Each structure stands twice: as C-alpha cells, then as structure tokens.
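Participant:
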Ligand code: NAD
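In the numbering used here, the protein residues as written are 37 to 387.
1. Identify every run of the beta strand (DSSP E) within the region 137-217, keeping only runs that are complete inside it and at least 3 residues long; order them along the chain.
2. Thinking residue 107 and residue 322 are a contact (beta carbons under 8 Å), I'd like their distance in whole angstroms, please.
3. Just list the beta strand (DSSP E) runs in the region 263-321, keeping only unbroken ones of 3 residues or longer that don't cross its boundaries, in chain order.
4. Less than 8 Å between the CB atoms is what I'm expecting for residue 65 and residue 142, so what's the real figure, rounded?
5. One question on the structure: do residue 268 and residue 229 come within less than 9 Å of each other, judged by their Cβ atoms?
6. In the DSSP output, what is residue 70 paired with across the bridge?
7. Using three-state DSSP, classify residue 367 as helix, strand or coil.
8. What is the DSSP secondary structure of residue 49, reduced to helix, strand or coil?
9. According to DSSP, residue 114 sits in a beta bridge with which residue or residues?
10. In angstroms, rounded to a whole number, what distance separates the CA positions of residue 45 and residue 274?
11. Determine, using beta-carbon pairs with one atom in the region 192-212 and one in the region 323-333, whether at least three such pairs fall under 8 Å.
12. Along the alpha helix (DSSP H) that carries residue 340, what are the first and last residues, could you check?
13. For residue 56, write down the residues that DSSP places opposite it in a beta bridge.
14. What residues in its chain sit with their C-beta under 7 Å from that of residue 351, if we drop five residues either side in the sequence?
15. Quick one: grab the DSSP three-state call for residue 99.
16. Just to check my reading of the structure: residue 174 and residue 140 have Cβ atoms closer than 8 Å, yes? What is that Cβ distance to the nearest angstrom?
17. Checking 9 Å against the spacing of the C-beta atoms, do residue 233 and residue 212 come in under that value?
18. For the alpha helix (DSSP H) that residue 372 lies in, which residues bound it at each end?
19. If you reduce the DSSP assignment to three classes, tell me which class residue 37 lands in.
20. Can you pull the DSSP bridge partners for residue 3?
21. Report back the beta-carbon spacing between residue 281 and residue 294 to the nearest angstrom; my notes put them in contact at under 8 Å.
22. Please state whether the Cβ-Cβ distance between residue 77 and residue 116 is less than 9 Å.
23. Whole angstroms are fine: how far does the CA of residue 221 sit from the CA of residue 80?
24. Helix, strand or coil for residue 86? Go by DSSP, reduced to three states.
25. Please look up how many angstroms separate the CB atoms of residue 156 and residue 185, rounded, as I've assumed it's under 8 Å.
26. Hey, could you find the ends of the alpha helix (DSSP H) residue 109 is sitting in?
27. Would the beta-carbon of residue 330 be found less than 8 Å away from any heavy atom of the ligand SAH?
28. Let me know if residue 101 comes out buried or exposed under the rule of 16 or more other beta-carbons within 10 Å of its beta-carbon.
29. Take the Cβ of residue 130 as the centre, count every other Cβ of all protein chains shown within 10 Å, and call the residue buried at 16 or more, exposed below.
30. Nearest CA to the CA of residue 60: which residue from 93, 163 and 132?
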C-alpha cells in the first residue's frame with residue numbers, strides 16, 4: 037500500500053492519497069479543519085474519470101462538512117474520503133478492507149460514514165480492519181425498537197423541523213395543516229419526510245424517477261403524482277428537493293411558484309450566486325447543509341453514546357439555527373446561503 041500525503045494546501049489541513057496494487061484501491065482522504073474536533077464525513081465511491089476530478093470533489097466535500105458540523109453545533113471537524121471506482125463493478129471485500137487499513141494510517145484524525153456508492157454493509161466490512169468508522173451500529177429507540185445505523189430518519193426529522201422554521205418565518209404560520217408542498221425524490225429521506233408532512237396535514241405533490249415510489253406515496257399518503265420534469269412548476273407553498281444536487285439553477289428557478297425552498301438534498305444551488313437569484317425572486321431558501329444536518333447529528337450521537345431524547349433535542353436546534361439565519365439575512369440584506377457560510381466561519385478557527 038502506497039501512501040502519500042500533501043500538506044502544502046491553502047485551505048485544508050491534510051490530504052492523503054492511497055494506491056494499493058493488490059486490491060486495486062485508489063482513494064483520497066481530505067481533512068479540511070479539525071479546530072472543533074475529529075474530522076467526520078462520508079466515504080464516497082464514484083467512477084471519477086481522473087484523480088484530479090476525485091481530488092476536487094473530496095476537497096469541496098470535506099470543506100462542506102466543516103461548515104455543516106459547525107452550524108449543527110457539533111464538536112466535529114470536516115473531512116471526507118473518496119474511492120475511485122464504480123460501486124456496481126469494482127466494489128469487493130478486499131478493496132473495502134484495504135480502505136479500512138488506509139484509514140488506520142490517519143490514526144483517527146478522520147472517521148468515515150456511509151455516502152453515495154457505499155452502504156452500511158460496506159462500512160461494516162471496512163470496520164473489520166479499522167475502528168475509525170461510524171454509522172454502523174444498531175440503536176435501541178424509545179419505543180424499544182432496534183434501528184440500523186442509517187441516519188436517514190434523523191435527516192428527514194431535521195428537514196421537517198427546518199421546513200416548519202421556514203414556514204413560520206415566511207408565512208407567519210406555526211401550523212402546517214393545509215400547506216402545499218412539492219417534493220422531489222422519494223428515497224430514504226424524501227419518503228420519510230412525506231410521511232411526517234402528511235401526518236401534519238400537508239397536501240403533497242411528489243416526483244421520483246422510480247414510479248414504484250411515487251405509486252406508494254399516492255396510495256398510502258394521498259399524494260398527487262407529478263412527472264419529474266414538472267415538479268418545479270407546481271403551484272405550492274414549499275418546494276422540497278430531496279433527490280440530487282444542483283437542482284436550483286438558471287433553468288429551474290424561473291419555473292418555481294413556491295415561496296420557500298426547504299429540502300434535504302446536498303448542494304442544491306448549482307452555483308453560489310443562485311442564492312442571490314432566489315433572494316431577488318423573494319424566495320426563502322433554507323441553506324441545505326443547515327436543514328439536512330439531522331444525519332450528521334445522528335452519526336455524532338452514535339459516536340458519543342446514543343440517547344434518543346438528547347439526539348432529538350439537538351436535531352430540534354435546526355429550527356433555531358435557521359431562524360437566526362433568516363433574521364440575519366434580512367437585517368444584512370444578504371442571501372441566506374451567504375449568511376450561513378458567515379455564521380459557520382465564526383464557529384471554527386482557520387489554521
Ligand atoms: P436516495 O438515493 O435514497 O433517494 C434519492 C431519490 O431521488 C431516489 O428515490 C431517486 O429515484 C430519486 N431521484 C433521482 N433523480 C431524480 C429526479 N431527477 N427526479 C425525481 N427523483 C429523482 O437518497 P437519500 O439518502 O434519500 O438522500 C437524498 C438527498 O439528501 C441526497 O442529495 C443526499 O445527499 C441528501 N442527504 C441525505 C442524508 C441521509 O441521511 N441520507 C443526509 C444529508 C443529505
């Protein structure tokens with residue numbers, strides 16, 4: 037296993053590269069900032085065309101984790117890892133175990149969780165080689181049930197709470213009953229969010245590229261099915277993106293009829309300037325890494341001792357963080373994504 041480390045980076049504390057001929061592993065760990073604690077973030081597996089493309093992604097994603105954990109008030113730093121390869125073809129036990137051994141080389145400065153292209157099962161394989169893995173242990177919930185390490189239920193709960201904060205700020209309503217929400221992506225987070233919204237009396241318009249998921253939401257929750265390309269233009273109060281990134285862009289923003297964007301997807305703005313475009317259209321944007329922090333909060337509580345009451349209290353803090361962002365954005369006449377970044381930067385020390 038060949039390990040090389042880069043330390044002369046402007047923003048990051050450490051970037052470490054691994055090539056393991058035996059297993060075929062080619063991976064990078066980036067540690068952006070550890071001033072608040074150990075760097076924690078997902079391990080992504082993706083068929084990057086070049087190592088440079090993978091490096092750019094891991095640098096960007098690890099930085100994002102510093103901001104997310106700071107805004108979620110967690111004693112965690114920001115880090116991320118990427119494995120270069122196709123998760124459908126190149127993933128096997130030898131490769132995952134090699135990744136585990138690679139993580140040992142960082143001596144716990146970085147702890148990995150699941151991400152796109154990796155599953156809890158994959159992380160359990162890595163954990164045969166390393167203790168620096170989280171989000172894999174079952175948890176006993178208040179009603180006595182065992183829950184897997186998957187943080188999606190907490191992400192959905194946090195997004196629901198954040199959506200309430202946005203509705204309160206923009207529409208002056210504490211109650212969601214009768215609210216109209218268009219939701220894109222009925223996956224692990226999105227489907228759970230529709231259940232929470234439906235229980236609160238919200239009327240739902242839903243889209244997914246997987247017709248079975250849409251059919252389930254129509255049948256079980258009385259949602260209205262919408263074609264994926266039409267979800268942006270629905271006459272609703274809230275648009276909740278819960279599928280992929282870059283969905284708020286020059287093509288989609290002009291279509292929006294919703295006055296609020298509150299969803300779980302990562303990197304919703306195609307470019308930072310789209311935060312300003314939304315503001316100019318009078319649309320309130322709940323910054324993605326603030327509203328979707330339930331997952332990282334969940335993973336943190338797994339690390340430090342699972343207590344569902346404390347976990348839910350901490351997730352409840354997303355409401356206050358968003359309210360603070362919305363108020364500061366108004367006072368300073370700046371987009372909410374810019375204010376969120378400024379607030380996060382006040383909470384960690386640059387090296
Ligand atoms: P998932 O893969 O389970 O669900 C994504 C869903 O989006 C799938 O049902 C997929 O079919 C659908 N989809 C894909 N393209 C679509 C399109 N063009 N139109 C409509 N639907 C489409 O993923 P997830 O875990 O639910 O995560 C959803 C988003 O939330 C992602 O952006 C993820 O990065 C982010 N996020 C997730 C968590 C978590 O705890 N899982 C935490 C933070 C952020």
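A virtual CB, placed ideally from N, CA and C, is assigned to each residue, including glycine.
Quick caveat, the model's predicted, so the values are computed rather than measured.
Facilitator: Concretely, from the data shown:
1. The region 137-217 contains these whole beta strand (DSSP E) runs: 146-150.
2. For residue 107 against residue 322, the beta-carbon gap comes to about 12 Å, at or over 8 Å, which does not count as contact.
3. 274-277, all fully within the region 263-321.
4. Approximately 6 Å separates the beta-carbon atoms of residue 65 and residue 142; this is inside 8 Å, confirming the contact.
5. No, the pair does not count as a contact, with Cβ atoms beyond the cut-off.
6. Partner(s): none; residue 70 has no beta bridge.
7. Reduced to three states, the DSSP call for residue 367 is helix.
8. DSSP places residue 49 in coil when its eight states are reduced to three.
9. According to DSSP, residue pairing for residue 114 in a beta bridge involves 69 and 76.
10. About 40 Å.
11. Note that the region 192-212 touches the region 323-333; at least 3 beta-carbon pairs, one per stretch, sit closer than 8 Å.
12. Residue 340 -> alpha helix (DSSP H) spans 330-340.
13. BP columns for residue 56 point to 61.
14. Around residue 351: 190, 193, 194, 197, 330 and 333.
15. Residue 99 falls in the helix class under three-state DSSP.
16. Not confirmed; about 24 Å, so no contact.
17. Contact annotation: residue 233 and residue 212 have beta-carbon atoms nearer than 9 Å.
18. From DSSP, the alpha helix (DSSP H) with residue 372 extends over 372-383.
19. The answer is coil: DSSP assigns residue 37 none of H, G, I, E or B.
20. This structure cannot speak to residue 3, because the chain is shown only from 37 to 387.
21. Residue 294 and residue 281 do not touch by the CB rule: their CB atoms are close to 18 Å apart, not below 8 Å.
22. Yes. Within cutoff.
23. In this structure, the alpha-carbon of residue 80 lies about 20 Å from that of residue 221.
24. Assigned with DSSP and collapsed to three states, residue 86 falls in coil, not helix or strand.
25. 5 Å between Cβ atoms; contact.
26. In the DSSP annotation of this structure, residue 109 is not part of any alpha helix (DSSP H), being labelled neither H nor E.
27. Absence of the ligand SAH from the depicted structure is noted, with the ligand NAD being the only ligands included.
28. Burial call: buried.
29. When all chains shown are included, residue 130 counts as exposed.
30. The option with the nearest alpha carbon to residue 60 is 132.
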